[in-house]
Amino acid sequence: MAVILLVEDDPRVSRALQLALARYGNEVSTAGTGEEGVRRVRSAAPDLVVLDVMLPDVDGFEVCRRIRALGSVPIIVLTARGDDFDVVAGLSAGADDYVVKPVRPAVLDARIKAVLRRGGLPTDEVRTSGDLVIDAAGASVAKRGRPVALTPIELRTLLTLSGAPGRVFSREQLLRLVWEHDYLGDSRLVDNCVQRLRAKIEDVPAEPVYVQTVRGFGYRFGPL
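Each residue of the sequence shown is one higher than the one before, counting from 8 in my numbering.
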């Protein structure tokens, strides 16, 4: 059972999603404002946050940034259908995935389960590349002996790439392996995640050593 915090200001939408997600086996609490949502993350430590980007008190993207600053709790943002600005801004603020409105509860529950799923990637390996140490079994990363705080999606991306150093993964392959999208998803999920990952593990993110771009194809991990 996943403990979900739903941050949504519309009482009707909030109640409908709360009831629907509960039927799928989740424990769902709600917050009606951004400030309340941030407080609830601090006090209740949910497994995942579902965050509407249209909130009455604080800009939803600022709420996303505040929640992300508190730790690695996964965040799924709810965006207006076809609104590219909402999608890009939400991902840039640290969201792990997004679902467009009007929300279909079955789709949202599937995205929640996919984001929370941990199995299938870690092994008993400890991978070392330069100053970077990736403990796959312990799900931890260190650089020059200091822990690197990664979100679950960032960690899964790094584990996927580093598990086959030198292999080029297309964005579509990463969407399937990391986000578990079984359809042609949005490559912005991958690109924004890679940007955030580089900011944490690369000395010069604009000149990456570990997570390299192969123009026209995708991404690869530098040789171990």
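Just so you know, even glycine gets a beta-carbon here, dropped at the ideal spot from N, CA and C.
Just so it is clear, the structure is predicted and the values come from calculations on it, not from any experiment.
How many Å lie between residue i and residue j at the Cα?
i, j, result
"Val201", "Gln219", "9 Å"
"Phe224", "Gly173", "13 Å"
"Asn33", "Ala117", "12 Å"
"Asp138", "Ala146", "17 Å"
"Val216", "Ala206", "12 Å"
"Pro18", "Thr167", "40 Å"
"Gly127", "Arg163", "Confidence is the limiting factor: at Gly127 the pLDDT is only 46, short of 50, which leaves the residue's position unreliable, though a coordinate-based value still follows. C-alpha separation (whole angstroms): 10 Å."
"Glu69", "Val110", "22 Å"
"Arg72", "Leu24", "23 Å"
"Val133", "Glu209", "19 Å"
"Ala51", "Val175", "40 Å"
"Val10", "Pro53", "5 Å"
"Lys108", "Leu26", "17 Å"
"Ala143", "Lys150", "14 Å"
"Asp91", "Asp193", "11 Å"
"Met8", "Ile74", "22 Å"
"Ile119", "Leu165", "20 Å"
"Pro112", "Gly152", "43 Å"
"Arg222", "Pro154", "30 Å"
"Gly67", "Leu77", "16 Å"
"Arg22", "Asp93", "23 Å"
"Val302", "Arg203", "Limits of the chain in this structure are 8 at one end and 231 at the other, which puts residue 302 out of reach."
"Val45", "Asp16", "14 Å"
"Asn199", "Ala100", "9 Å"
Are the CB atoms of residue i and residue j nearer to each other than 8 Å?
i, j, result
"Thr135", "Tyr105", "no"
"Val197", "Leu184", "no"
"Leu123", "Leu55", "yes"
"Ser79", "Leu157", "yes"
"Val35", "Ala29", "yes"
"Val57", "Val95", "no"
"Glu187", "Ala121", "yes"
"Val114", "Ala102", "no"
"Arg169", "Phe228", "Checking the sequence, you will find Ser at residue 169 rather than Arg. It is a contact, given that the beta carbons lie within the stated cut-off."
"Pro81", "Ile160", "yes"
Give the range of the beta strand (DSSP E) segment to which residue i is assigned.
i, result
"Glu69", "Glu69 -> not in any beta strand (DSSP E); alpha helix (DSSP H) instead, spanning 67–77."
"Asp104", "104–107"
"Pro227", "Here residue 227 turns out to be Arg, not Pro, going by the sequence shown. It spans 225–228 - the beta strand (DSSP E) in which Arg227 sits, taken as one unbroken run."
"Val80", "Where Val80 is concerned, there is no enclosing beta strand (DSSP E), given that its DSSP letter is neither H nor E."
"Arg134", "133–136"
"Val218", "218–221"
In the DSSP assignment, find the unbroken alpha helix (DSSP H) run with residue i in it and report its ends.
i, result
"Phe92", "91–99"
"Val114", "112–123"
"Val197", "194–208"
Practice task
Would you list, in sequence order, the uninterrupted beta strand (DSSP E) runs of no fewer than 3 residues that lie entirely inside the region 138–185?
Solution key: Annotation note: the region 138–185 contains the following uninterrupted beta strand (DSSP E) runs of length 3 or greater, listed N- to C-terminal: 139–142, 147–150.
Practice task
Kindly provide the ranges of any alpha helix (DSSP H) runs that are 4 or more residues long and lie completely inside the region 10–62, ordered along the chain.
Solution key: Secondary structure remark: continuous alpha helix (DSSP H) runs of at least 4 residues inside the region 10–62, in chain order: 18–30, 41–51.
Problem - Cβ contact (3+ pairs, closer than 8 Å) linking the region 60–80 and the region 30–48 - result: Flag = yes, the region 60–80 and the region 30–48 touch.
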